[in-house]
Amino acid sequence: MPRGQRGAGDREHGEGGLDIQHGTKYFRTGALLWIAPVRWDPGWGRWPAVGRRRGNGRRYVNMVVRTEDLENFRVKGVYSEALVRGLNGYRHGPAAPRTLQKPWTRERAQSWADGCNSHREPFFIEGHPYAHPRMSVPNPPPAELQVDGETLHLAHFGTRGARYSRRPPPGEWTPEP
186 MPRGQRGAGD
196 REHGEGGLDI
206 QHGTKYFRTG
216 ALLWIAPVRW
226 DPGWGRWPAV
236 GRRRGNGRRY
246 VNMVVRTEDL
256 ENFRVKGVYS
266 EALVRGLNGY
276 RHGPAAPRTL
286 QKPWTRERAQ
296 SWADGCNSHR
306 EPFFIEGHPY
316 AHPRMSVPNP
326 PPAELQVDGE
336 TLHLAHFGTR
346 GARYSRRPPP
356 GEWTPEP
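According to my numbering, the sequence shown is numbered sequentially starting from 186.
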């Protein structure tokens with residue numbers, strides 16, 4: 186069972202984020218997209234999707250989209266023969282026009298959709314150049330985090346994730362009277 190979601194709204198592009206783009210290049214804001222089962226590896230954070238292209242509201246098209254450009258993931262059934270044909274791709278069998286090839290179970294699709302909706306961020310530990318390989322933190326991140334029995338303190342949170350330090354934050358300075 187594929188997952189349906191809507192294309193992301195306004196996105197900042199260009200120098201300093203001054204250029205505002207509505208939706209994506211191929212899909213308008215609010216367009217319903219269905220994520221097809223992966224037939225090949227389109228790259229990290231990219232998924233093949235089927236939807237109605239901007240400017241052409243009648244035909245379904247297949248595109249590879251970035252997951253970060255999508256929002257509001259949810260599980261929906263597919264009943265349209267044209268949509269099933271688009272999701273099946275080259276595996277579509279004309280003998281069974283409304284049969285989805287290699288569908289996901291509802292539980293697996295719901296688990297994937299919940300994971301995409303949770304907005305988790307990578308985190309870095311002071312002194313290590315790479316993000317922690319097995320863990321992520323929610324957005325906004327907690328002020329303190331327990332990792333392998335060690336307490337880490339939030340040092341910085343920005344567009345590239347959360348940075349944690351082993352040292353506690355400095356105390357607030359108060360002037361002496």
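Cβ atoms here follow ideal geometry from the backbone N, Cα and C, with glycine treated the same way.
If we ignore side chains and look at the alpha-carbon of each, how far apart do residue i and residue j end up?
i       : j       : result
Trp-358 : Cys-301 : 41 Å
Glu-260 : Asp-299 : Per the sequence shown, the amino acid found at residue 260 is Val instead of Glu. Spanning the two alpha carbons is a distance of roughly 10 Å.
Trp-297 : Ile-220 : 11 Å
Arg-293 : Pro-355 : 45 Å
Leu-217 : Arg-237 : 8 Å
Arg-239 : Arg-351 : 49 Å
Pro-268 : Gly-230 : Before going on, a small fix: residue 268 reads as Leu here, not Pro. In a straight line, the C-alpha of Leu-268 is about 23 Å away from that of Gly-230.
Thr-209 : Val-250 : 9 Å
Phe-309 : Asn-257 : 27 Å
Thr-336 : Gly-228 : 34 Å
Tyr-242 : Asp-333 : Contrary to the premise, residue 242 reads as Gly rather than Tyr in this sequence. Whole-angstrom Cα-Cα distance: 52 Å.
Glu-266 : Thr-344 : 41 Å
Tyr-211 : Ala-280 : 31 Å
Phe-342 : Gln-331 : 17 Å
Asn-273 : Pro-282 : 10 Å
Leu-285 : Val-246 : 17 Å
Thr-290 : Tyr-264 : 16 Å
Mind reading off the beta-carbon distance from residue i to residue j? Whole number of angstroms is fine, and I expect it under 8 Å.
i       : j       : result
His-304 : Pro-288 : 27 Å between Cβ atoms; not a contact.
Thr-252 : Trp-225 : 16 Å between Cβ atoms; not a contact.
Ala-340 : Glu-306 : The pair is not a contact, with the Cβ atoms about 14 Å apart (cut-off 8 Å).
Val-235 : Gly-271 : 4 Å
Based on Cα-Cα distance, which residue from the options lies nearest to residue i?
i       : options                               : result
Asp-254 : Ala-340, Gly-215 and Thr-336          : Gly-215
Met-320 : Asn-241, Ala-294, His-341 and Tyr-349 : Tyr-349
His-338 : Pro-353, Pro-325 and Arg-345          : Pro-353
Ala-347 : Pro-326, Leu-330 and Glu-361          : Pro-326
Gln-295 : Phe-212, Tyr-315 and Gly-262          : Gly-262
Over what stretch of residues does the alpha helix (DSSP H) that includes residue i continue unbroken?
i       : result
Arg-270 : 266-273
Go to residue i, then tell me how far its beta strand (DSSP E) extends in each direction, as first and last residue.
i       : result
Val-332 : 329-332
Asn-241 : Where Asn-241 is concerned, there is no enclosing beta strand (DSSP E), given that its DSSP letter is neither H nor E.
Tyr-349 : 346-350
His-277 : Where His-277 is concerned, there is no enclosing beta strand (DSSP E), given that its DSSP letter is neither H nor E.
Inset, instruction - Please specify which runs of the beta strand (DSSP E), each continuous and at least 3 residues long, are wholly inside the stretch 285-319, giving them in chain order. - result: 308-310
Legend entry - Whole runs of the alpha helix (DSSP H) within the stretch 208-232, excluding any shorter than 4 residues: none
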